[in-house]
Ligand SMILES: [Zn+2]
Ligand SMILES: [Zn+2]
């Protein structure tokens, strides 16, 4: 018997957009940056990074260029954030709250804790004052690693 492929499903609030992610995420974190806070209307963004080819999305999306190297896609009906893509990364960031099941992806680290809410208990994971996602992705791109989403 072959090994069973794990599939995670999720979607937007209205159901017009559905997605599936297979296997397991590359990394999981929380982002407290001001763009994530405002885009989600939430105290932080729980992001779940998969290889681009491991994610399948169905439904109408609207895109927003949130920085010169990053695009965010939302449901064109209900505006729920669906994913974020960094140019040329080969990765796609889904959001922990979009999955159909809860408690799937506990965070391994936190970014942009400069903007972390004071009332939020500490989770015992690495806290980075700014963004280290790109640094983890590729140490050689150090200059680009400290950046706003
Ligand atoms: Zn929707
Ligand atoms: Zn962010």
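In the working numbering, the protein residues as written are -9 to 139. The beta carbon of each residue, even a glycine, is placed where N, CA and C say it ideally should be. Source: prediction; values computed, not measured.
Between residue 82 and residue 46 a beta carbon distance of about 10 Å is seen, past the 8 Å cut, so the two are scored as non-contacting. Bounds of the alpha helix (DSSP H) holding residue 26 are 24 to 30.
The three-state reading of DSSP puts residue 6 in coil, since its state is none of H, G, I, E or B. Assigned with DSSP and collapsed to three states, residue 91 falls in coil, not helix or strand.
Residue pairing from DSSP places residue 38 in a beta bridge opposite 18 and 84. For the pair residue 0 and residue 88, the CB atoms are nearer than the 8 Å cut-off.
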